[in-house]
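> Handing you a structure now.
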């Protein structure tokens, strides 16, 4: 029997991936590296790695990497603050309103806590969730299963009593490795992904309730 839903954040609940790409692109451009959208999709959305690990990119010393990350994070925060009223994805609030009385729900994200806080200042959806797991709450990020294994422990449910809602290949890989069924709702930046391991690929979040009723 299905008891819980674990939701990814960026690309599923909110539309932020394009801003994260732009913050990376703009910051790296200052240091002479031109980050393309395809490179970002491959390294970040498929592999879940740092842009410093891109083929052909010579990583700067660790101190410089920290400075670049800090600049990127500050720019991303600024972009999020300027876009707060546009971040919540269409249909999400209605879906959460319908599903929350029936299922225990949590957010499982790789988002930094400070960015998560900015994102959800105006979404008015966090009360639908029993717990939030974000960067720093697990030892390894997606596509490692650790975030979803942490969610299982936090929820108290078994893997076969839960489903995951994701938008990216790295998120799907994490859910699959944790042994949890995963529905994928591709975002604009992940629409060309390989989702062969998904339990089902949906066009939008409004379709989820009907699919869950079939389980």
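In our numbering, the protein residues as written are 107 to 321.
For each residue, glycine too, the CB sits at the ideal point set by N, CA and C.
Bear in mind the structure is a predicted one, so any value in this text is a computation, not a measurement.
#1: Between the alpha carbons of residue 274 and residue 298, how many angstroms are there, rounded?
#2: I need the straight-line Cα distance from residue 148 to residue 111, nearest angstrom please.
#3: On the DSSP bridge list, what partners appear for residue 116?
#4: Which first and last residues belong to the beta strand (DSSP E) in which residue 287 is found?
#5: Can you tell me which of the three DSSP states residue 264 falls into?
#6: If we ignore side chains and look at the alpha-carbon of each, how far apart do residue 314 and residue 306 end up?
#7: Between which residues of its own chain and residue 235 is the CB-CB distance below 7 angstroms, once the five residues before and five after are set aside?
#8: Bridge partners of residue 136, per DSSP?
#9: Once the 5 residues before and after residue 308 are set aside, which same chain residues still bring their CB inside 8 angstroms of it?
#10: Please confirm whether residue 115 and residue 224 have their CB atoms less than 9 angstroms apart.
#11: Going straight from the alpha carbon of residue 200 to that of residue 253, what length do you get?
#12: Which of the three DSSP states is assigned to residue 181 in this structure?
#13: Quick one: give me the first and last residue of the alpha helix (DSSP H) that residue 224 is part of.
With the structure as the only source:
#1: 10 angstroms
#2: 27 angstroms
#3: 120
#4: Residues 287-290.
#5: Looking at residue 264 - three-state DSSP - the assignment turns out to be coil, as it is neither helix nor strand.
#6: So the alpha carbons of these two residues sit roughly 10 angstroms apart.
#7: 211, 212 and 213
#8: Partner(s): none; residue 136 has no beta bridge.
#9: 289, 290, 291, 314 and 317
#10: The answer is no: Cβ separation not under 9 angstroms.
#11: 26 angstroms
#12: Here residue 181 sits in helix by DSSP.
#13: 219-225
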